[in-house]
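Each remark here refers to the structure printed beneath this line.
Number of protein chains: 2
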Amino acid sequence: MTVERRSAPLGRSRRPTIKDVAEAAGVSRSTVSRALTGRGYAASDVRERVLRAAAELGYVPDVMARTLKQQVSRSVGVLVSDLRNPFYAELAAGASREARERGYTMVLADTSLSAQAEAEAAEALVALRVAGVVVTPNSSAVSTYLASHGIPVVEVDRQFAAGSTDGVVVGNRVGARTATAHLVGLGHRRIALFIDETDWTTGYERYQGYLEALNAGDIKVDPGLVVSSGWDVADSRRRALDMLRGPDRPTAVFAANNVLAEGVWRAIGELGLRVPGDISLVAFDDAPWMSMVSPTVSAVSQDTFNLGATAVRRLGERIERPESDSVTTVLNVRLIERESTAQPPAV
Amino acid sequence: MTVERRSAPLGRSRRPTIKDVAEAAGVSRSTVSRALTGRGYAASDVRERVLRAAAELGYVPDVMARTLKQQVSRSVGVLVSDLRNPFYAELAAGASREARERGYTMVLADTSLSAQAEAEAAEALVALRVAGVVVTPNSSAVSTYLASHGIPVVEVDRQFAAGSTDGVVVGNRVGARTATAHLVGLGHRRIALFIDETDWTTGYERYQGYLEALNAGDIKVDPGLVVSSGWDVADSRRRALDMLRGPDRPTAVFAANNVLAEGVWRAIGELGLRVPGDISLVAFDDAPWMSMVSPTVSAVSQDTFNLGATAVRRLGERIERPESDSVTTVLNVRLIERESTAQPPAV
DNA sequence: ATCCCGTGTGGGAACGATGTCACAGCCTCA
DNA sequence: TGAGGCTGTGACATCGTTCCCACACGGGAT
Chain D
1 MTVERRSAPL GRSRRPTIKD VAEAAGVSRS TVSRALTGRG YAASDVRERV
51 LRAAAELGYV PDVMARTLKQ QVSRSVGVLV SDLRNPFYAE LAAGASREAR
101 ERGYTMVLAD TSLSAQAEAE AAEALVALRV AGVVVTPNSS AVSTYLASHG
151 IPVVEVDRQF AAGSTDGVVV GNRVGARTAT AHLVGLGHRR IALFIDETDW
201 TTGYERYQGY LEALNAGDIK VDPGLVVSSG WDVADSRRRA LDMLRGPDRP
251 TAVFAANNVL AEGVWRAIGE LGLRVPGDIS LVAFDDAPWM SMVSPTVSAV
301 SQDTFNLGAT AVRRLGERIE RPESDSVTTV LNVRLIERES TAQPPAV
Chain Z
1001 MTVERRSAPL GRSRRPTIKD VAEAAGVSRS TVSRALTGRG YAASDVRERV
1051 LRAAAELGYV PDVMARTLKQ QVSRSVGVLV SDLRNPFYAE LAAGASREAR
1101 ERGYTMVLAD TSLSAQAEAE AAEALVALRV AGVVVTPNSS AVSTYLASHG
1151 IPVVEVDRQF AAGSTDGVVV GNRVGARTAT AHLVGLGHRR IALFIDETDW
1201 TTGYERYQGY LEALNAGDIK VDPGLVVSSG WDVADSRRRA LDMLRGPDRP
1251 TAVFAANNVL AEGVWRAIGE LGLRVPGDIS LVAFDDAPWM SMVSPTVSAV
1301 SQDTFNLGAT AVRRLGERIE RPESDSVTTV LNVRLIERES TAQPPAV
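Chains D and Z, in that order, are what the protein sequence lines are. Residue numbers for the first sequence follow my numbering, beginning at 1 and rising by one. Residue numbers for the second sequence follow my numbering, beginning at 1001 and rising by one.
Here it is in structure tokens:
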């Protein structure tokens, strides 16, 4: 790391306040407020003068003062698990755009899957008096805490407080069932499931979808084929190596999210297995790499950007009508069939 | 999109203020403030009582009021171009972690490469009285504007206001030179450069690095091999198809960022060219897919997470000592040699 | 006894914006 | 002419917090 030195400090001067604008325009603070916000009377020539004075001074109303007075801010909090995961990044991007379109400032925190960080972030949001919060929750703690402070919450991707807070999720069960049924339809009977955990709604629903498809195909569930892997690629890769090196390996794998799919993909590559000749692979959550590798990977695609945008939209509605019944919005998913799935190898 | 209905509104009650805590503890507001902030005297038994009362009430100090009074907030703004690009997502993740560690709240906006959105975001940050801003700038406008409001700025990834504001960048020139020299060293003489634009410091430096390596190898620059592509994958892919279908195609391509590399990669795949047999590829900016595809793609890797973290750290220092000279920090990059680069095909 | 100092505590004025309220003009209509 | 209705403006209290200042109390030195 190299450091070069350059010059130049910068002069600091007091930021203009509404009072400065008032003096410059020769009117009172009240009049400036009315002219700028458009609430209340202001003669057109006066309004003109005020606007010009404000522009000349580069006046920007102080959100702190305004919020303090009005007791309601124009910012929303967004809490995501891990920005480095493209899923959450895209979700945040969607939230960001929708927030901007609705005139909200977005306060974003990456909770890094740590309960500690999540709690701190939640408290910071309460302190900021945000108008509402969108969260990809790890427990019901955040929703409960925020609700106790009267802050509207929308849970996105997964739900812990369904029934008492709004939620925006995707059709996890249907998606998982479709993906698994696709494999069954191709003739697979030994289909492994890689999943992170089944306590959350996402994992639970995907697991159920997997089971449903097997049942529908009259396939007995083999618990040895259901791998409850950890969070990261490394762990998933290790578990996949173990399983695929075994004697009685599956002919197909359904990976319940993009991280697990990456681990499985790497393991397959390392073992020199051919896809889909030796083994078929289908993933939940279509990550960019899946359409770039060879063979391309079939995946259940969720519109993640839209997921984030929808959550913020729902939050906006909730803020406007706090007393309405809570709603769970389910976005549809679709299976994209690519090259990684085919008939099982002849025995 | 399906919608289910669920029940339950929630009781709203006034948020506890410092006054409520004071009454509960039987002391004055001043004493509560001293007890909680630790500034000024407070007898230990009184402090105890106050802390307990605050905890019981679930009191969270109002950041708005505090900021209004103190005229300095504990939040920083982060402006990035496009969260959907893993580069910016990772940068934001780094910024997020560093901000949290330093006790700052992060206000993040995705400016979507639109000057309009950027200007709006900047104004929102001024209104929020953020302590400082980290930005991946598109012009010098933001830095200038924020500086005029006395808000410290750190430019990250690229610089438009070098000399007057701090910057955190990577060794673009060295990285590009190394990557190109790697190709030259393998025997390539027709090396194409895909680059977005050369007006920004990133593009300019990478271009210069490319030229330097060619010069060092006594290779005459062929302007026809320098492609100034647009922003997105689709555009880059199109330009790559054009070039690689041509009669006199290059034996190697250096793509100056991950988006351009993706476009080139897709084009190569569509044309059925073999990497590195027919053509070598090296990219600036190591994206996840580059180590997953086959063959894996050689790339100049920058520690993007660290880039974001460093920028926030630098911002923190600047906030503490506003008058010190501005500094440009250059993070080192390194070339990761993978499978996509080899000797040119025998003629 | 008086003064002074250290230790605690409370009163009250900010910070910047909003919005209610009162009121000053002016016009219209009875 | 006086009542009443508009239009337009300014004074002022308020939001929740901080922090300067005044002051009360007790003890030690004069």
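Even glycine gets a Cβ: it sits at the ideal position worked out from N, Cα and C. Computed from a predicted structure; not experimentally measured.
*Who are the Cβ neighbours of threonine 251 of chain D in its own chain at under 7 Å, not counting the five residues just before and after it?*
His188, Arg190, Ile279, Ser280, Pro344 and Pro345
*Among the residues of its own chain, which have a CB less than 8 Å from the CB of serine 1164 of chain Z, if the five just before and after it don't count?*
Ser1143, Ala1147 and Ser1326
_With H, G and I counted as helix, E and B as strand and the rest as coil, what does DSSP make of glutamate 337 of chain D?_
coil
_Under 8 Å, Cβ to Cβ, is there at least one residue of chain Z near serine 33 of chain D?_
no
*asked:* Tell me which residues of the segment 1125 to 1154 of chain Z have at least one Cβ-Cβ distance to chain D shorter than 7 Å, keeping chain order.
replied: Val1126, Ala1127, Leu1128, Arg1129, Ala1147, Ser1148, His1149 and Gly1150
*Buried or exposed: which applies to aspartate 199 of chain D, given that a residue is buried once 16 or more other Cβ atoms fall within 10 Å of its Cβ?*
exposed
*Alpha carbon to alpha carbon, how far is asparagine 85 of chain D from glutamine 1159 of chain Z?*
27 Å
*asked:* Is there a C-beta anywhere in chain D that falls below 8 Å from the one on aspartate 1285 of chain Z?
replied: no
*Taking one C-beta from the segment 1210 to 1229 of chain Z and one from the segment 1180 to 1187 of chain Z each time, how about it: are there three or more such pairs within less than 8 Å?*
yes
*Please classify glutamate 90 of chain D: is it buried, with 16 or more other beta-carbons within 10 angstroms of its beta-carbon, or exposed?*
buried
_Through-space distance from glycine 77 of chain D to alanine 162 of chain D, alpha-carbon basis_ = 19 Å
_With a threshold of 8 Å between beta carbons, is leucine 1036 of chain Z in contact with chain D?_
Residue-level contact check: leucine 1036 of chain Z does not touch chain D, since none of the beta carbons of chain D fall below 8 Å from its beta carbon.
*Could you tell me which residues DSSP puts in a beta bridge with isoleucine 1195 of chain Z?*
Residue pairing for isoleucine 1195 of chain Z: DSSP places it in a beta bridge opposite Z:Ser1228.
*Tell me the DSSP bridge mates of serine 1298 of chain Z?*
Z:Val1282
*Pick out the complete beta strand (DSSP E) segments inside the segment 225 to 270 of chain D, 3 residues or longer, and give them in chain order.*
Taken in chain order, the unbroken stretches of beta strand (DSSP E) that lie wholly in the segment 225 to 270 of chain D and span 3 residues or more are 226 to 228 and 252 to 255.
*Grab the span of the beta strand (DSSP E) containing alanine 181 of chain D for me, first residue to last.*
No beta strand (DSSP E) holds alanine 181 of chain D; the alpha helix (DSSP H) holding it covers 172 to 185.
*Beta-carbon of serine 1280 of chain Z versus every beta-carbon of chain D: anything under 8 Å?*
no
*Alpha carbon to alpha carbon, what distance is there between tyrosine 207 of chain D and glutamate 317 of chain D?*
32 Å
*Using the beta-carbon of each residue, which ones in chain D are nearer than 7 Å to serine 1028 of chain Z?*
Those within 7 Å of serine 1028 of chain Z in chain D number zero; the least Cβ separation is about 21 Å.
*Opposite aspartate 166 of chain D in the DSSP bridges: which residues?*
Aspartate 166 of chain D pairs with D:Val154.
*Could you tell me whether any Cβ in chain D is nearer than 8 Å to the Cβ of glycine 1272 of chain Z?*
no
*Using a Cβ cut-off of 8 Å, pull out every chain Z residue sitting near leucine 68 of chain D, in sequence order please.*
Asp1062, Met1064, Ala1065 and Leu1068
*What does proline 288 of chain D touch in chain Z if you count any residue whose Cβ is under 7 Å from its own?*
Trp1289
*For aspartate 1232 of chain Z and serine 1114 of chain Z, the rounded distance between their alpha carbons*: Cα to Cα, serine 1114 of chain Z sits roughly 14 Å from aspartate 1232 of chain Z.
*Which residues mark the beginning and the end of the beta strand (DSSP E) in which aspartate 1110 of chain Z is found?*
Looking at the DSSP string, the run of the beta strand (DSSP E) that includes aspartate 1110 of chain Z is 1105 to 1110.
*Residue nearest to arginine 1039 of chain Z in terms of C-alpha spacing, selected from Z:Asp1045, Z:Val1046 and Z:Thr1031*: Looking at the Cα atoms, Z:Thr1031 is the closest of the given residues.
*Do serine 73 of chain D and arginine 129 of chain D have their C-beta atoms within less than 8 Å of each other?*
yes
_Alpha carbon of threonine 329 of chain D to alpha carbon of glycine 150 of chain D, nearest angstrom_ = 22 Å
*Where does serine 385 of chain D sit, in a helix, a strand or coil, going by DSSP?*
The displayed coordinates of chain D run from 1 to 347. Any statement about residue 385 of chain D would go beyond what the structure contains.
*Could you give the uninterrupted runs of the beta strand (DSSP E) lying entirely in the segment 1077 to 1148 of chain Z, keeping only those of 3 residues or more?*
1105 to 1110 and 1132 to 1135
*Residues in the segment 1077 to 1093 of chain Z with C-beta within 7 Å of chain D's C-beta atoms, listed in sequence order?*
Leu1083, Arg1084, Pro1086, Ala1089, Glu1090, Ala1092 and Ala1093
*Please compile the residues from chain D whose C-beta is within a distance smaller than 8 Å of the C-beta of valine 1107 of chain Z.*
Ser75, Thr105, Met106, Val107 and Leu108
_Partners in chain D for valine 1259 of chain Z, counting only beta-carbon separations shorter than 8 Å_ = Neighbours of valine 1259 of chain Z on chain D: none; closest Cβ ~11 Å, over 8 Å.
*asked:* Just to confirm my understanding: we take proline 1276 of chain Z, look at its own chain, exclude 5 residues before and 5 after, and list those with CB closer than 6 Å. What are they?
replied: Ser1340, Thr1341 and Ala1342
*Does any CB atom of chain D fall closer than 8 Å to the CB of glutamate 1123 of chain Z?*
yes
*Taking the beta strand (DSSP E) that leucine 1331 of chain Z falls in, what are its first and last residues?*
1327 to 1331
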